[in-house]
Amino acid sequence: MPRNGPGTPAKALFEAQLRKLGYHGQVVDVTPQQEWGDPMAYLTPTEPFFEAGTTYQYNDHGVHLLGSILTRLAGEPLKDFFKRRIADPIGMTDWDWGVCGTVEGIALNNPSGVHGTGIRTTARQMARLGYLYLNRGRWNGRQLLPADFVDEAARNQVPLTARFRNLDLRGRYGLYWWTNGVQTNGKRPWASAPPGAFTMHGHNCNFCYVIPEWDMVVVRMGTQPIGRSPAQEPLWDTFFAKMAEAVARGGAADK
143 MPRNGPGTPA
153 KALFEAQLRK
163 LGYHGQVVDV
173 TPQQEWGDPM
183 AYLTPTEPFF
193 EAGTTYQYND
203 HGVHLLGSIL
213 TRLAGEPLKD
223 FFKRRIADPI
233 GMTDWDWGVC
243 GTVEGIALNN
253 PSGVHGTGIR
263 TTARQMARLG
273 YLYLNRGRWN
283 GRQLLPADFV
293 DEAARNQVPL
303 TARFRNLDLR
313 GRYGLYWWTN
323 GVQTNGKRPW
333 ASAPPGAFTM
343 HGHNCNFCYV
353 IPEWDMVVVR
363 MGTQPIGRSP
373 AQEPLWDTFF
383 AKMAEAVARG
393 GAADK
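Structure representation (structure tokens):
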């Protein structure tokens with residue numbers, strides 16, 4: 143994977159995520175901390191399929207590429223970088239991030255969707271990260287993340303007019319956060335939730351919802367999926383309808 147691209151670094155990074163990605167070799171089942179070669183070998187860029195910013199595709203490949211670049215820029219594993227800059231300041235202590243090979247001799251924590259490499263934590267620990275975003279990157283008087291970045295991350299980034307290649311998240315996907323934006327059908331995915339709600343969505347339908355209008359963070363964690371998106375959205379909308387009743391009354395929701 144080339145380190146340098148044409149134009150500005152931002153433009154090169156953005157366009158690199160849109161390169162053709164393909165792999166036709168053997169697949170192995172890895173375990174945490176197992177060294178298994180170069181996990182980025184399949185991301186060798188070729189000519190783009192489409193112009194940057196015109197087509198959206200939901201997959202892990204862009205995240206893998208971004209994680210590799212961030213690891214190089216940080217000069218240390220992302221686990222160490224995240225621990226020092228975010229986890230320790232917010233009191234997030236019970237978590238781990240698996241290793242998936244190395245990049246330039248540095249342990250690579252990034253790849254999502256690869257067995258044994260994701261972040262393992264608890265609901266309460268995840269809620270701390272959600273609470274950081276609820277407060278626009280501020281924790282106990284310290285601005286750990288730029289407020290403008292948090293706002294941008296929680297705002298839709300996929301135009302309704304964009305083409306899509308698999309999962310249609312037009313109108314409702316931010317910077318790796320799922321938003322409650324207006325979709326191509328004119329509706330929000332969680333009609334009963336405030337428009338500003340957004341969520342992290344991970345393996346086995348583990349969620350961390352942030353609802354600024356209600357000053358609320360909701361975490362769901364488990365080992366059993368509750369359905370693939372968008373099939374699970376009606377279930378969440380029912381939950382939010384109950385929560386809206388409770389918020390309106392200032393008390394508990396009916397069962």
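Residue 397 is where the sequence shown ends in our numbering, and the numbering goes up by one at each step. Where is the CB? At the ideal position from N, CA and C, for every residue including glycine. Predicted model only: the values in this text are computed from it and were never measured.
Neighbour-count burial assignment, residue i, 16 or more Cβ in a 10 Å radius
i, result
"glycine 313", "buried"
"histidine 203", "buried"
"histidine 345", "exposed"
"proline 288", "exposed"
"glycine 323", "buried"
"threonine 186", "exposed"
"asparagine 327", "exposed"
"threonine 263", "buried"
"glutamine 285", "exposed"
DSSP-derived helix/strand/coil call for residue i
i, result
"tryptophan 239", "strand"
"alanine 211", "It should be pointed out that residue 211 corresponds to isoleucine in this sequence rather than to alanine. Here isoleucine 211 sits in helix by DSSP."
"glutamine 374", "coil"
"arginine 284", "strand"
"phenylalanine 349", "strand"
"threonine 380", "helix"
"tyrosine 198", "strand"
"valine 361", "strand"
"tyrosine 275", "helix"
"alanine 249", "strand"
"methionine 342", "strand"
"arginine 227", "helix"
"phenylalanine 306", "strand"
"arginine 391", "helix"
"tryptophan 320", "strand"
"arginine 270", "helix"
Whole-angstrom C-beta distance between residue j and residue i, which should lie under 8 Å
i, j, result
"alanine 265", "methionine 358", "Between methionine 358 and alanine 265 the Cβ distance is about 14 Å, and since that is not below 8 Å, they are no contact."
"glycine 279", "valine 292", "5 Å"
"phenylalanine 340", "tryptophan 319", "5 Å"
"threonine 213", "leucine 220", "6 Å"
Spatial distance of residue i from residue j (CA atoms)
i, j, result
"threonine 259", "leucine 250", "9 Å"
"aspartate 379", "arginine 227", "34 Å"
"threonine 303", "aspartate 310", "11 Å"
"proline 367", "glutamate 375", "13 Å"
"proline 336", "threonine 197", "28 Å"
"glutamate 193", "isoleucine 211", "22 Å"
"proline 231", "tryptophan 281", "8 Å"
"aspartate 237", "phenylalanine 306", "The residue you asked about is not aspartate; residue 237 is tryptophan in the sequence shown. Straight-line Cα distance between these residues: approximately 34 Å."
Any chain D beta carbon closer than 8 Å to residue i
i, result
"phenylalanine 191", "Absence of chain D from the displayed structure is noted, only one protein chain being present."
Closer than 7 Å: residue i CB and nearest the ligand FMN heavy atom
i, result
"phenylalanine 224", "This structure simply doesn't include the ligand FMN, nor any ligand for that matter."
inquiry  = I'd like to know if the region 308-327 and the region 290-300 are in contact, where contact means that at least 3 CB-CB pairs between them fall below 8 Å.
reply    = yes
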